[in-house]
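Read through the structure below, which is laid out as structure tokens, and then see the notes.
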Amino acid sequence: MESYYNSSDLKKFGQVAEFGEELADRFFAYYGDVFRDGALSAREKSLIALAVAHAVQCPYCIDAYTSDTLGKGYTEQQMMEAVHVAAAIRGGASLVHGVQMMNHAKKLLM
Amino acid sequence: MKSLRGRGHELASSGIQLGRLQDGPHERFGEALNRCGMWPLRPTGLHVLQLNLGKMCNQTCKHCHVDAGPDRREIMTRTTMEYAIDAVRKYAIPTVDLTGGAPEMNPEFRWLVENLRQLGAHVMVRCNLTIILANRKYHDLPAFFAHHGVEVVSSLPHYTAGRTDRQRGEGVFDSSVRALHMLNEVGYGHDGSGLVLSLVYNPAGAILPGSQSDMEDDFRRELLRVHGIVFNRLFVLTNMPISRFLDYLLVSGNYDQYMEKLVGAFNPAAARGVMCRNTLSVGWDGALYDCDFNQMLDIAVDSPINHIRELIPDVLDARSIRVNQHCYGCTAGLGSSCGGQVRQS
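For the record, the sequence lines run as chains A and B. For the first sequence, our numbering puts the final residue at 450, and the numbers step up evenly by one. For the second sequence, our numbering puts the final residue at 350, and the numbers step up evenly by one.
Structure below.
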């Protein structure tokens, strides 16, 4: 069955340079710099990336950062807690708009 | 669980394993070395003699590159050990690394350690921890190790029970914790005791390990916090795609992507520091190999000297180290050796 996503496409990521080399080169250089040890460690950044991968629902990123965080020694429990952080923020982002709904409803209602 | 050999599995054959490793789209390891000016790979001088005292083990770990287990009977004799002792004496080889199987199950193990220590060699034992509790006759091993100043190097795939037991067998983590307490009680792992306890981490699955220093921080914090255990250092190893780990990779459908990861992470800097350049591996029957992995694949040294009774370091130092596709396991990322990662992150 055809799929919009193929896991084998992840390793072709670098090939996006074929249609635009300069921007791709700059992106990958930036990407590499972002994930270096800095004020946050590369290890901490990997767990953040795992959570963000779930927030943006990127299957490639989820595969990549599941492997990366496992390799960096995170436990399954730590990884799932990171996913729950993403879920909580996403859920909270919806729910907090309930205030806007309430504001507007209260304005309209007697 | 039986060994591959005990099950009559086709991967018990080194020829079948090598055929599988070579049957892939990846660049030959020798060509990768050649691209960075390292072909042929040469020794840098014999510093470590690694003796495989036999394939018998009280555990049957899922990732074991030796295919060791209770059903294996290959064992080094005292005569072969005497050849090794003679070589250590004659050539002042500084370090002897005892491995197996469970090396302590060799009935001549203590005799060998005593003789090597009398020569002043630094002796390391690859102790699987659970052997200490496997039988009453092994309960005094911590005291024996301490008395002879042996460095203890012990596999502990993770500081959590689940991940350790999945790789090494049900209940292994709890036994390992008890054994580590016994080692700590005689001084191992404590600063200033002079008794070195090194732990070995390797991933419980088809993933590459991260930074050794980060992993060591995690292990140190969690083992102390949860179990009150101390140790000196952590070695981080990459699983080699051979023997039972190769079987796992194939059965789980992870083989192709794991090899892609290893090949894609080839690091010339790690290649320069691989252990086969300063280590010689001795099989249970005295045969010589460039490393323990070559030993398990029956890839003998490329030298007219191929048995421990004939060992002449100068002659062996002139050889080319024999490589194959599994060698990508030692050169991926930060590298891997019996002494942990080759390069610091």
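Just so it is clear, CB atoms sit at the ideal spot from N, CA and C, and this is done for glycine as well. None of these values were measured; they are calculated from a predicted model.
Contacts around residue i, its chain only, beta-carbon distance under 6 Å, and the 5 residues preceding and following it disregarded
i: B/R238; result: S203
i: A/H394; result: V423, A426
i: B/A148; result: V191
i: A/Y400; result: L350
i: B/A107; result: C62, N63, N133, I136
i: B/E227; result: Y164
i: B/A276; result: M43, T336
i: B/P48; result: R282, D322
i: B/S286; result: Q55, Y294, C296, D297, Q300
Any chain A beta carbon closer than 9 Å to residue i
i: B/Y333; result: no
i: B/K67; result: no
i: B/Q349; result: Interpretation of B/Q349 is limited by its pLDDT of 49, a score under 50 that renders its predicted location unreliable; no figure is taken from the coordinates.
i: B/E32; result: no
i: B/E15; result: no
i: B/E109; result: no
i: B/E265; result: yes
Residues of its chain near residue i, where Cβ-Cβ distance is below 7 Å and the 5 sequence neighbours each way are ignored
i: B/Q172; result: C66, K67, H68, P162, A209
i: B/M245; result: H70, F298, H331, G334
i: B/R314; result: Y88, G291
i: B/M86; result: E113, L117
i: B/A270; result: L213, A337, G338
Residue i (DSSP reduced to helix, strand or coil)
i: B/F149; result: helix
i: B/H186; result: helix
i: A/Q397; result: coil
i: B/V53; result: strand
i: B/F236; result: coil
i: A/Y344; result: coil
i: B/L302; result: coil
i: B/L202; result: strand
i: B/I247; result: coil
i: B/D196; result: coil
i: B/F178; result: helix
i: B/I136; result: helix
i: A/G438; result: helix
i: B/A337; result: strand
i: B/D91; result: helix
i: B/S350; result: Unreliable placement is indicated for B/S350, whose pLDDT of 44 sits below 50; the coordinate value is still reported in the next sentence. Of the three classes helix, strand and coil, the one that applies to B/S350 here is coil, per DSSP.
i: B/A292; result: strand
i: B/H127; result: strand
i: B/G210; result: coil
i: B/T84; result: helix
i: A/D408; result: helix
i: B/M61; result: strand
i: B/E79; result: coil
i: B/E156; result: strand
i: B/V355; result: This structure does not reach residue 355 of chain B, given that chain B is present from 6 up to 350, and the question cannot be answered.
i: B/V328; result: coil
i: B/D102; result: strand
i: A/G413; result: coil
i: B/L316; result: coil
Cutoff 9 Å: residue i Cβ touching any chain B Cβ
i: A/E421; result: no
i: A/R311; result: Past the boundaries of the shown model lies residue 311 of chain A; chain A is included only from 341 to 450, so the question cannot be answered.
i: A/K447; result: no
i: A/K352; result: no
i: A/V356; result: no
8 Å contact criterion, which residue i and residue j should meet: CB distance rounded
i: B/M388; j: B/M61; result: This structure does not reach residue 388 of chain B, given that chain B is present from 6 up to 350, and the question cannot be answered.
i: B/T165; j: A/T406; result: About 17 Å; that fails the 8 Å criterion.
i: B/V101; j: B/C132; result: Rounded, the Cβ-Cβ distance is 14 Å, inconsistent with contact.
i: B/F114; j: B/L188; result: Wrong, their Cβ atoms sit about 17 Å apart, outside the cutoff.
i: B/L56; j: B/L16; result: Their Cβ separation, rounded to whole angstroms, is 25 Å, which puts B/L56 and B/L16 out of contact at 8 Å.
i: B/D303; j: B/I326; result: 16 Å between Cβ atoms; not a contact.
i: B/A305; j: B/L316; result: That belief does not hold up - the Cβ atoms of B/A305 and B/L316 are roughly 14 Å apart, past 8 Å.
i: B/N207; j: B/V53; result: No, B/N207 and B/V53 are not in contact; Cβ-Cβ is about 19 Å, not under 8 Å.
i: B/A126; j: B/L200; result: Going by Cβ atoms, the distance from B/A126 to B/L200 rounds to 17 Å, so no, they are not a contact pair.
i: B/V182; j: B/V155; result: With 8 Å as the limit, B/V182 and B/V155 do not qualify as a contact, their Cβ atoms being about 21 Å apart.
i: B/N329; j: B/L26; result: 6 Å
i: A/G438; j: B/G215; result: At roughly 41 Å, the Cβ-Cβ gap does not stay under 8 Å, so A/G438 and B/G215 are not in contact.
i: B/M220; j: B/V241; result: 5 Å
Residues near residue i by beta carbon distance below 8 Å, same chain, minus five either side
i: B/L9; result: L16, A17, D72, S248, R249, D252
i: B/L146; result: E109, C132, I136, I137
Counting only Cβ-Cβ distances shorter than 8 Å, please list the residues of the region 205-236 of chain B near chain A, keeping chain order. Y206, P208, G210, I212, L213, P214, G215, S216, D219, M220, D223: these are the residues of the region 205-236 of chain B whose beta carbon lies less than 8 Å from some beta carbon of chain A, given in chain order.
Chain B contacts from the region 397-420 of chain A (Cβ-Cβ distance under 7 Å): Going along the region 397-420 of chain A in chain order, one finds S407, L410, G411, K412, G413, T415 with a Cβ nearer than 7 Å to chain B.
Beta carbons nearer than 7 Å to chain A: which residues of the region 154-173 of chain B have them? Hits within the stretch, in order: T165.
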